[in-house]
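Chemist: Below is one structure. I have some questions about it.
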Ligand SMILES: [Zn+2]
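In the working numbering, the protein residues as written are 371 to 600.
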């Protein structure tokens, strides 16, 4: 894989390379498999989207910028430190790397982060940008989100304004996190979704659940509009 990890640079976390090459290989395989799976579901058009897994307290494995996710392989995965810098490679990580490391900084039990750009996510983000949140409640599939055991759960998915200024986008997410409100995923207006999990399987479950639930919200809006216009 395109990932040398033999000469990590010291970051503010020091040289805490506690992951093994076998662990890195396993993460690269899991990221590549997730990319192909989500790509096949139409969630990653035109080389968009990015995926990562935590390797240790100081490092994560993440997709290299610009790869086609439908055909993702372990060679398309590289190592970064938790400041978003490439480690042991000249490859360039995703432009949105800091949104991944932000999640690892704040949520100790998050070990995989997925970001996709599906049509459903993008349309929902546009429609709900004015309210700044999508409220999901009353759905059986809310039980797919970690920690929820009933359809009576209520989950707010914030919608943040998009920007190409990554520190600014990180600050918008940070402002929500600092309120201590629960956060299981978020939309970026006209862009896509971020969600995460304790492992890749849980992160995939979350992204598939959000994709389904956002699709239901869009369908309901469409049906109401059709009904009222008759
Ligand atoms: Zn994106």
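We treat Cβ as the ideally placed atom computed from N, Cα and C, and that holds for glycine.
Values in this document were obtained by computation on a predicted structure and should not be read as measured data.
1. Report, in whole angstroms, the separation of the C-beta atoms of residue 563 and residue 547, which I expect to be a contact under 8 Å.
2. For residue 436, does the three-state DSSP call read helix, strand or coil?
3. Please look up how many angstroms separate the CB atoms of residue 573 and residue 482, rounded, as I've assumed it's under 8 Å.
4. Among the candidates 429, 544, 400 and 486, whose CA atom is the shortest distance from the CA of residue 387?
5. Residues with a Cβ closer than 6 Å to any heavy atom of ligand 1, in chain order?
6. What residue from 402, 448, 518 and 407 has the CA that sits closest to residue 508's CA?
7. Select from 473, 542 and 555 the residue whose C-alpha is nearest the C-alpha of residue 584.
8. Among the residues of its own chain, which have a CB less than 6 Å from the CB of residue 544, if the five just before and after it don't count?
9. If you count every other CB in all the chains shown that lies within 10 Å of the CB of residue 441, and 16 or more means buried, which is it?
10. With a CB to CB cut of under 8 Å and the five nearest residues on each side skipped, what residues in its chain are close to residue 569?
11. Given that a residue counts as buried once 16 or more other Cβ atoms are within 10 Å of its Cβ, and exposed if not, what is residue 489?
12. Sort out for me which residues DSSP pairs residue 561 with in a bridge.
13. To test your reading of the DSSP string, which unbroken beta strand (DSSP E) runs of 3 or more residues are found completely within the stretch 404-484?
14. Could you pull out every residue in the same chain whose Cβ sits closer than 6 Å to the Cβ of residue 540, ignoring the five residues on either side in sequence?
Modeler: Concretely, from the data shown:
1. Position 193 of the chain shown, counted from the first residue, corresponds to residue 563. Position 177 of the chain shown, counted from the first residue, corresponds to residue 547. Contact between residue 563 and residue 547 is absent: CB atoms are separated by about 16 Å, not below the 8 Å threshold.
2. As a first step, residue 436 must be located in the chain shown, where it is residue number 66. Three-state result, residue 436: coil.
3. Against the chain shown, residue 573 aligns to sequence position 203. Against the chain shown, residue 482 aligns to sequence position 112. The Cβ separation is near 4 Å, so the contact holds.
4. Locating residue 387 in the chain shown gives position 17, where the first residue counts as 1. Measuring C-alpha to C-alpha distances from residue 387 to each of 429, 544, 400 and 486 identifies 429 as the nearest.
5. Every residue whose beta carbon comes nearer than 6 Å to a heavy atom of ligand 1 appears here in chain order: 418, 466, 485, 487, 561 and 562.
6. Within the chain shown, the letter at position 138 stands for residue 508. Ranking 402, 448, 518 and 407 by Cα distance to residue 508 puts 518 first.
7. Here the question's residue 584 lines up with position 214 in the chain shown. That would be 555, whose Cα lies nearest to the Cα of residue 584.
8. For the purposes of this step, residue 544 is taken as the residue at position 174 of the chain shown. Beyond the five residues adjoining it in sequence on each side, residue 544 comes within less than 6 Å, by CB distance, of no other residue in the same chain.
9. For the purposes of this step, residue 441 is taken as the residue at position 71 of the chain shown. Per the 10 Å Cβ criterion, exposed.
10. Within the chain shown, numbered from 1, the residue matching residue 569 stands at position 199. The answer, listed in chain order, is 481 and 482.
11. Walking along the chain shown from the start, residue 489 turns up at place 119. Around the beta carbon of residue 489, fewer than 16 other beta carbons sit within 10 angstroms, so the residue counts as exposed.
12. For the purposes of this step, residue 561 is taken as residue 191 along the chain shown, with counting starting at 1. According to DSSP, residue pairing for residue 561 in a beta bridge does not occur.
13. Runs found: 420-424, 429-433 and 447-451.
14. On the chain shown, position 170 is the one that residue 540 refers to. Counting only Cβ-Cβ distances below 6 Å, and skipping sequence neighbours, we find 468 and 472.
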